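In the UniProt record's numbering, the protein residues as written are 1 to 228.
Structure, as structure tokens:
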């Protein structure tokens with residue numbers, strides 16, 4: 001995307017002197033870096049229901065404790081396991097247009113960080129085998145995200161300059177290399193969806209996890225001055 005004001009100058013009379021507003025070319029720039037992720041963030045947990053709230057809470061607490069112990073046994077430390085969500089909701093059935101109380105639903109979601117990405121499938125399987133029955137999803141990350149983003153940002157600036165240079169050459173005008181303004185657009189990390197499920201059942205088959213690559217993206221808009 002680019003925008004330019006061709007061969008037009010806005011002139012303002014100031015006493016004896018005349019000032020001119022220079023022409024500008026507006027271009028967008030994009031930088032992308034594809035990397036292999038080195039961390040996985042896994043959101044999973046336990047959902048329990050019972051007519052009595054205390055029983056639903058006790059069942060949930062017991063299952064979560066079992067999940068944590070099982071994860072500890074495969075090398076996931078308590079520091080890598082954090083509560084992401086905890087909720088209690090009354091449950092109702094609707095029969096013949098009437099709302100009938102069914103019980104309480106207690107949900108406890110953990111956020112588990114796996115520093116060894118090859119353990120991702122093992123973490124899911126271990127948690128499910130020990131009592132987890134809901135999985136929110138898995139996201140893949142890189143420890144060097146900020147450093148890589150700075151590189152992508154630099155690439156975006158160079159991309160914008162090359163576009164402005166091409167436009168200036170086509171118009172046969174002189175381009176000033178340094179942009180007069182630069183603004184960041186929506187940037188961040190793009191990754192493939194690897195695994196997602198709202199509810200799980202135990203399976204004899206190991207959960208296959210294919211992280212693929214993630215992309216660190218940066219987008220900018222820059223204004224360059226040119227003279228005819």
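Note that beta-carbon positions come from the ideal geometry of N, C-alpha and C, so glycine has one too.
Since this is a predicted model, take the numbers as computed values, not measurements.
- Counted as a single uninterrupted DSSP element, the alpha helix (DSSP H) harbouring residue 160 occupies residues 145-171.
- The count of Cβ pairs closer than 8 Å, one atom from the segment 137-144 and one from the segment 34-54, reaches three, so the stretches are in contact.
- Ranked by how close their Cα comes to the Cα of residue 181, the residues 211, 149, 168 and 221 have 221 in first place.
- By the neighbour-count criterion, in which 16 or more other beta carbons inside 10 Å mark a residue as buried, residue 120 falls on the buried side.
- When secondary structure is reduced to three states using DSSP, residue 36 falls in the coil class, being assigned neither helix nor strand.
- According to DSSP, residue pairing for residue 99 in a beta bridge involves 94.
- Take the alpha-carbon of residue 23 and the one of residue 172: they are about 13 Å apart.
- Comparing C-alpha distances from residue 166 to each of 101, 226, 34 and 66 shows the shortest one belongs to 226.
- Below 8 Å, too few C-beta pairs join the segment 87-96 and the segment 115-132 to call them touching: fewer than three.
- The Cβ neighbour count for residue 60, taken over all protein chains shown within 10 Å, is at least 16; the residue is labelled buried.
- In the structure shown, residue 82 falls within a strand segment according to DSSP collapsed to helix, strand and coil.
- Cβ atoms of residue 29 and residue 168 stay farther apart than 8 Å, at about 15 Å.
- The beta-bridge partner set that DSSP reports for residue 29 consists of 220.
- Distance from residue 130 to residue 66 at the Cβ level is roughly 5 Å; contact confirmed, criterion being Cβ atoms closer than 8 Å.
- Put simply, of 56, 105 and 124 the residue whose alpha carbon is nearest the alpha carbon of residue 68 is 124.
- Rounded to the nearest angstrom, the gap between the Cα atoms of residue 215 and residue 154 is 15 Å.
- The beta carbon of residue 97 sits closer than 8 Å to no other beta carbon from its chain once the five residues preceding and following it are set aside.
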